[in-house]
Every structure is written in C-alpha cells, then in structure tokens.
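**Student:** Note that the numbering used here has the sequence shown beginning at 475, numbered continuously upward.
Following this message is one structure expressed as structure tokens.
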Amino acid sequence: MNKKTIYLAGGCFWGAEHFFQQIGGILGTRTGFANGNTENPTYKEVYTDTTGFAETVRIEYDADRMPLEKLLNLFFMIIDPTSLNKQGEDEGTRYRTGIYYTDEAELPAIQKVYAEQEAKAGEPLSVEVEPLRNWYSAEDYHQDYLNRNPTGYCHLPLKTFVYAKLLSELELLLGDEPDVIARMSNTVAMIHGRLHFWWTGFYIVKPDMSGEGEELVLGPFQGPEACFRIRKGRGVCGTAWARNETVVVPDVHEFPGHIACSSLSQSEIVVPVHDKDGNFVAELDIDSKDLATFDRTDKEWLELIVKLIYLQ
Ligand code: SME
475 MNKKTIYLAG GCFWGAEHFF QQIGGILGTR TGFANGNTEN PTYKEVYTDT
525 TGFAETVRIE YDADRMPLEK LLNLFFMIID PTSLNKQGED EGTRYRTGIY
575 YTDEAELPAI QKVYAEQEAK AGEPLSVEVE PLRNWYSAED YHQDYLNRNP
625 TGYCHLPLKT FVYAKLLSEL ELLLGDEPDV IARMSNTVAM IHGRLHFWWT
675 GFYIVKPDMS GEGEELVLGP FQGPEACFRI RKGRGVCGTA WARNETVVVP
725 DVHEFPGHIA CSSLSQSEIV VPVHDKDGNF VAELDIDSKD LATFDRTDKE
775 WLELIVKLIY LQ
C-alpha cells in the first residue's frame with residue numbers, strides 16, 4: 475500500500491466524486507472547495523462564484539494499485555479539458571477543471587499526462603495545474619451525494635459510472651490470463667451483463683475459406699446466434715476493419731450494406747481490437763434493440779476496455 479492524495483476539480487463535484495468511487499485503488503473521496511480566497515467557505519458562498527474556489531474532490535488512493543498517471547488519464551475521461559469554466563451545463567469559475575498537488579515530486583507525472591492529453595485534444599487545455607493552496611470540505615449534504623440520491627442531478631451520463639467500474643473490475647478479473655479467447659469471453663460476459671445490450675461479441679481476423687485471404691470470424695459472444703463470417707468492407711463490421719476505426723451507427727437501417735444477423739437490431743457500435751504491436755486483429759461488435767444507443771461515451775470507454783484484451 476502506497477497511500478497518496480491528489481485534489482481534482484472536474485466540474486460539479488457530485489458527479490466527479492461518484493466517478494472516482496467506482497475505480498479500484500481509490501481509498502477515499504471527499505468533496506470540497508480548493509484554491510480560493512476566503513476561509514471556511516460554505517456551498518452557498520462558493521455558488522456566488524466570487525470566492526475563487528473550485529469544486530474539488532480530495533482523492534486518497536493506493537499508488538501501487540492506481541499510479542497517478544493512470545488516475546489522471548481516467549480523470550480526463552470525465553472532463554472536457556478545452557472548456558473554460560464550463561462542464562456540461564454547469565458554468566462558472568467554481569466549475570473550472572484543475573489538478574492541485576501537494577507534493578512537487580508528482581509534477582513530472584502530471585506534466586506528462588497533460589502534454590499527452592493536449593496532443594490528443596490538438597489545442598491548448600483549460601485545465602489548471604497548481605500546487606494546492608487551500609482546500610475546505612463541503613457540507614455533509616454534498617458528500618457521497620449520488621450514492622444517497624441515485625436520481626439526483628449529474629452532469630455526466632450515468633453510463634460513465636457503469637463503464638468506470640466495469641473497466642476496473644475487468645482489469646482485475648483478466649489479470650495475467652494469457653489466453654486471448656478466454657479474455658475475450660469474460661470481457662463479453664461483463665459488458666453484456668452490466669449494460670444489458672442485445673448482442674455483444676467479438677469477430678476475429680482469420681484465414682478465409684480459400685486460405686488465400688482473411689475475413690472476420692465469429693468469436694466469443696452473448697446474445698442470439700450470429701453470422702459466422704464477414705468480409706473486409708462488408709457491413710458495419712467489415713467497414714470498421716477497412717477503416718481501422720470505431721464505427722457508431724445510430725440506425726442500422728440507414729447504413730448501406732448493414733448485415734442484419736438479427737432483425738431486432740436497431741443500432742450498433744464496432745470497436746477495433748489491436749494486438750500489442752498495433753495490428754488490427756479483432757473487433758468488438760455490440761448491437762442494441764433501440765435506436766441511437768451508442769455515442770461518444772460508449773466509444774471512448776469501449777476503446778479503453780478493448781485495450782485490456784491483449785496484455786501489453
Ligand atoms: N450487423 C453486423 C454483423 C454482425 S451482427 O451485428 C452480430 C454488420 O453489419 O457488420
């Protein structure tokens with residue numbers, strides 16, 4: 475155990491705290507106010523947006539299990555790092571994003587993640603990086619808010635919390651099991667079981683029947699029976715392979731060449747799986763019985779989840 479503390483401002487602290495509570499290696503969280511100009515502020519005072527405080531979660535974590543870089547990359551999953559003083563519909567300097575540290579030795583790790591995220595965003599970030607000047611706990615009412623009020627306000631999509639917990643638990647479950655099919659099987663089971671999709675499965679790049687080319691062949695899945703083989707460029711699956719990128723289809727009936735394994739499928743997402751050398755080797759295909767089930771949140775989390783398939 476290597477207990478550390480970091481203070482992260484990620485918009486409304488109800489959602490940010492709940493997010494960190496889903497992640498393995500987090501030892502404790504508390505909502506509060508950081509880097510402001512008064513002492514012992516109340517929520518009401520901070521809400522006036524004149525105190526300089528940012529809604530900030532104090533996070534205690536086990537750095538052996540959850541290194542700071544990994545924790546910060548997860549933090550970036552729940553913020554728009556280029557948005558100044560606004561996250562979701564919440565606006566004001568109290569909703570600014572920030573990384574506030576108490577130990578100078580953490581700065582290189584913070585700067586490394588910051589630079590990577592800035593390169594990913596392709597524009598300067600609005601996330602503050604500063605030493606923690608002060609932090610005051612928020613009132614009890616603001617602690618553990620979404621656990622106590624599951625239908626309460628949250629600026630984050632609720633599936634974010636399901637994905638965060640799933641990612642943490644799946645990583646633990648897969649451990650160092652070397653067999654890829656076994657890893658895929660439990661990945662499918664966990665996604666399908668937690669998010670209740672219509673069909674969840676992998677297609678794997680394998681030799682075609684002639685032995686001269688390659689095609690996608692059905693791998694571990696849950697849901698109704700499905701097509702065995704799909705050629706490159708065919709359907710949503712073959713398109714994701716040809717493009718080597720995630721394809722989100724809000725209405726499969728509008729997608730030219732969609733392959734209807736099940737007539738009940740209405741929307742779909744297909745996410746490439748790469749081996750440790752970066753080769754496209756398989757894909758995760760998920761179907762929904764509802765229209766427009768998948769969006770950016772699903773895309774980003776599923777892209778992280780499939781990185782667990784091949785041991786790095
Ligand atoms: N609909 C896919 C085929 C696979 S099934 O959804 C399981 C496609 O168009 O490629």
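Cβ atoms here follow ideal geometry from the backbone N, Cα and C, with glycine treated the same way.
Can you tell me which of the three DSSP states residue 601 falls into?
**Tutor:** Residue state, collapsed to three classes: coil.
**Student:** Looking at residue 740: is its Cβ nearer than 9 Å to the Cβ of residue 773?
**Tutor:** No, Cβ-Cβ distance for residue 740 and residue 773 is not below 9 Å.
**Student:** Terminal residues of the continuous alpha helix (DSSP H) containing residue 585?
**Tutor:** Segment 581-595, the alpha helix (DSSP H) holding residue 585.
**Student:** Give me the Cα-Cα distance between residue 726 and residue 754, rounded to the nearest whole angstrom.
**Tutor:** Their Cα atoms are separated by approximately 24 Å.
**Student:** How big is the Cα-Cα spacing for residue 538 and residue 582?
**Tutor:** Approximately 17 Å between the Cα atoms of the pair.
**Student:** Going by DSSP, which residues form a beta bridge with residue 445?
**Tutor:** Nothing about residue 445 can be reported from this structure: the residues present for the chain run from 475 to 786 only.
**Student:** So, do the segment 515-535 and the segment 566-581 have three or more beta carbon pairs nearer to each other than 8 Å?
**Tutor:** Verdict: yes, contact present.
**Student:** List the residues that DSSP assigns as beta-bridge partners of residue 688.
**Tutor:** Answer is 681, bridged to residue 688.
**Student:** Among 644, 551 and 550, which has the Cα closest to the Cα of residue 498?
**Tutor:** Answer by Cα proximity: 644.
**Student:** Considering only residues of the same chain and omitting the five flanking positions on each side of residue 635, which have a CB-CB separation below 7 Å?
**Tutor:** Excluding residues within five positions, the ones whose Cβ falls inside 7 Å are 492, 493 and 496.
**Student:** If we ignore side chains and look at the alpha-carbon of each, how far apart do residue 653 and residue 626 end up?
**Tutor:** The straight-line gap from Cα to Cα measures roughly 42 Å.
**Student:** So, helix, strand or coil for residue 738, using DSSP?
**Tutor:** DSSP places residue 738 in coil when its eight states are reduced to three.
**Student:** Find out if the Cβ-Cβ distance for the pair residue 520, residue 570 is shorter than 9 Å.
**Tutor:** Not a contact, by the Cβ cut-off of 9 Å.
**Student:** At a cut-off of 8 Å, is residue 759 close to ligand 1 when judged by its beta-carbon and the heavy atoms of the ligand?
**Tutor:** Yes, since a heavy atom of ligand 1 falls inside the 8 Å radius drawn around the Cβ of residue 759.
**Student:** Closest to residue 738 by C-alpha separation, out of 490, 706, 690 and 765, would be which residue?
**Tutor:** Per the Cα distances, 765.
**Student:** May I ask you to report which of helix, strand or coil DSSP gives residue 719?
**Tutor:** Residue state, collapsed to three classes: coil.
**Student:** Roughly how many angstroms lie between the CA atoms of residue 580 and residue 736, to the nearest whole one?
**Tutor:** So the two alpha carbons sit approximately 51 Å from each other.
**Student:** If you measure between the beta carbons of residue 689 and residue 704, is that distance less than 9 Å?
**Tutor:** Yes. Within cutoff.
**Student:** Does DSSP put residue 714 in a helix, in a strand, or in coil?
**Tutor:** Note: residue 714 maps to helix in three-state DSSP.
**Student:** Per DSSP, what kind of secondary structure is residue 501 in: helix, strand or coil?
**Tutor:** Residue 501 falls in the strand class under three-state DSSP.
**Student:** Does the Cβ of residue 743 have 16 or more other Cβ atoms within 10 Å, making it buried, or fewer, making it exposed?
**Tutor:** Its Cβ being crowded by 16 or more others within 10 Å, residue 743 is buried.
**Student:** Would you mind working out which of 506, 780, 481 and 477 sits nearest residue 536, comparing C-alpha positions?
**Tutor:** Minimum Cα distance to residue 536 is reached at 477.
**Student:** Give the straight-line distance between the Cα atoms of residue 630 and residue 547, rounded to the nearest whole angstrom.
**Tutor:** Computed Cα separation, rounded: 17 Å.
**Student:** Is residue 615 buried or exposed, if buried means 16 or more other CB atoms sit within 10 Å of its CB?
**Tutor:** The residue in question, residue 615, is exposed, as its Cβ has fewer than 16 Cβ neighbours within 10 Å.
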